[in-house]
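Residue numbers (this note's numbering): 87 to 471. Below is one structure, written out as structure tokens, with a few remarks after it.
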Ligand code: MG
């Protein structure tokens with residue numbers, strides 16, 4: 087379409103191919119293309135919605151999964167069968183699992199997919215290994231999408247099981263891919279920022295589940311973990327569903343699952359749990375080289391073109407402002423009445439241009455279309471002598 091549109095332009099060459107970028111509303115950055123519905127720096131692009139943060143640090147668009155009350159616990163959490171969770175709600179705004187494997191899974195009633203999760207946990211200050219070994223020192227786990235499909239960020243007492251304390255009397259031998267902050271059995275935390283037992287530990291997790299097209303894996307998904315504010319999982323792309331001892335390859339599963347906390351027979355308490363569901367980058371069908379659908383991109387571009395065109399009082403008028411406004415319209419959709427009006431207005435303006443300053447402002451807009459290969463360089467306006 088663009089090549090045809092270029093035919094018929096008179097070969098009037100602008101004095102300079104490069105016009106210093108003067109800022110103006112409208113056409114400015116590189117124009118929309120097959121995978122980007124908006125231009126660079128596009129003022130037509132929808133603005134992010136505002137999120138406020140309350141005095142507890144909870145974003146206004148978060149789902150609060152535990153606010154410290156029994157009501158909140160009972161409303162949001164259940165056991166593995168949907169019945170009342172057996173974990174204990176304490177008077178200090180926390181809930182706990184105890185010893186003996188008697189408590190069972192504690193999972194959210196609501197199910198989630200990709201998310202940002204904030205969760206805090208604490209081990210007893212006088213923690214001991216229940217039955218021996220590092221894996222029985224405060225073991226629990228944050229299972230994203232539930233234990234069945236299992237992406238576990240490990241919860242453990244790892245202050246005394248970290249490499250740096252090797253040789254101290256309190257040191258307990260452990261495997262790195264099973265310590266606190268690990269993607270269990272897959273990737274150890276980058277560093278160990280855990281505080282001593284008895285102090286609160288904080289996980290801020292960003293989780294994106296694997297993306298499948300049928301049985302074809304498009305992306306393995308990723309887990310990012312900040313542990314007490316320190317990055318310990320740096321966009322780790324999952325290799326499998328986490329499990330003990332074995333490598334369990336990724337496999338398709340439902341798009342949503344519960345957030346689940348593990349009963350590993352060890353005492354551990356939780357508080358301040360909130361989650362923000364996130365859209366996957368692969369859900370972005372109008373603005374992404376990786377996932378855009380050209381038909382949806384074009385539909386969005388046409389919608390923007392229609393809105394901008396409707397603002398022009400007289401699309402036939404050969405004024406500089408009109409040429410610029412129509413140039414912006416055709417940057418979204420160079421077709422039909424938009425294309426005809428733009429090219430007619432441009433030719434009429436070329437026959438009767440304004441002063442040098444005005445011509446420069448028109449050429450600034452036309453330059454963006456030249457960069458986008460909508461029009462040839464020769465379509466620009468010659469500078470007035
Ligand atoms: Mg665990």
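Backbone N, C-alpha and C fix where the C-beta goes; we use that ideal spot for every residue, glycine too.
| request: Could you give the DSSP three-state label for residue 159: helix, strand or coil? | output: helix
| query | Do residue 240 and ligand 1 come close, with the Cβ less than 7 Å from some heavy atom? | reply | yes
| Between residue 454 and residue 417, is the Cβ-Cβ spacing less than 8 Å? | yes
| message | Helix, strand or coil, according to DSSP, for residue 464 in the structure here? | response | helix
| task | Tell me, please, whether the stretch 369-386 touches the stretch 323-331 by the rule of three or more beta-carbon pairs shorter than 8 Å. | result | no
| query | Beta carbon of residue 348: closer than 7 Å to some heavy atom of ligand 1? | reply | yes
| request: Taking all protein chains shown into account, decide if residue 137 is buried (16 or more other Cβ within 10 angstroms of its Cβ) or exposed. | output: exposed
| If you measure from the CB of residue 225, is any heavy atom of ligand 1 nearer than 7 Å? | yes
| request: Under 6 Å Cβ to Cβ from residue 192, same chain only, skipping five residues before and after it: list those, please. | output: 163, 171, 173, 347
| query | What beta strand (DSSP E) runs, 3 residues minimum, are completely inside the stretch 226-250? | reply | 226-230, 237-241
| query | Per DSSP, residue 175 forms a beta bridge with which residues? | reply | 181
| request: Give a single yes or no on whether residue 237 has its beta carbon closer than 7 Å to a heavy atom of ligand 1. | output: no
| request: Starting from residue 415, follow the alpha helix (DSSP H) in both directions and report where the run begins and ends. | output: 406-418
| Given a threshold of 16 other Cβ atoms within 10 Å of its Cβ, counted over all protein chains shown, does residue 385 qualify as buried or as exposed? | exposed
| request: May I ask which residues mark the beginning and end of the alpha helix (DSSP H) holding residue 432? | output: 422-437
| Ends of the beta strand (DSSP E) at residue 289? | 287-294
| query | If you draw a straight line from the alpha carbon of residue 421 to that of residue 133, how long is it in whole angstroms? | reply | 27 Å
| request: Identify every residue that forms a DSSP beta bridge with residue 284. | output: None; residue 284 has no bridge partner.
| query | What is the rounded straight-line gap between the Cα of residue 169 and the Cα of residue 124? | reply | 48 Å
| Cβ neighbours of residue 204 in the same chain (closer than 6 Å, five flanking residues each side left out) | 290, 360
| query | Rounded to a whole number of angstroms, what is the C-alpha to C-alpha distance between residue 214 and residue 266? | reply | 16 Å
| request: Please classify residue 438: is it buried, with 16 or more other beta-carbons within 10 angstroms of its beta-carbon, or exposed? | output: exposed
| If residue 331 sits next to residue 222, beta carbons under 8 Å apart, how far is it from one beta carbon to the other, in whole angstroms? | Contact flag wrong, Cβ pair sits at about 16 Å.
| field | heavy atom of ligand 1 below 7 Å from residue 270 C-beta | value | yes
| request: Could you check what DSSP says for residue 443 in three-state terms: helix, strand or coil? | output: helix
| Roughly how many angstroms lie between the CA atoms of residue 302 and residue 294, to the nearest whole one? | 17 Å
| said: Here's the rule I'm using: 16 or more other beta-carbon atoms within 10 Å means buried, otherwise exposed. How should residue 155 be labelled? | reply: exposed
| query | Any idea which residues DSSP pairs residue 203 with across the strands? | reply | 291, 361
| request: Could you round the C-beta distance between residue 459 and residue 427 to whole angstroms and report it? I think they count as a contact, below 8 Å. | output: Rounded, the Cβ-Cβ distance is 20 Å, inconsistent with contact.
| query | Taking the alpha carbon of residue 358 as the point to measure from, which residue in 130, 113, 179 has its own alpha carbon closest? | reply | 179
| query | Using DSSP with H/G/I as helix, E/B as strand and the rest coil, what is residue 390? | reply | helix
| said: Just to confirm my understanding: we take residue 236, look at its own chain, exclude 5 residues before and 5 after, and list those with CB closer than 7 Å. What are they? | reply: 229, 327, 328, 329
| said: Suppose you measure from the CA of residue 279 to the CA of residue 314; what does that come to, to the nearest Å? | reply: 7 Å
| field | Straight-line gap, residue 273 to residue 207 (C-alpha atoms, nearest Å) | value | 21 Å
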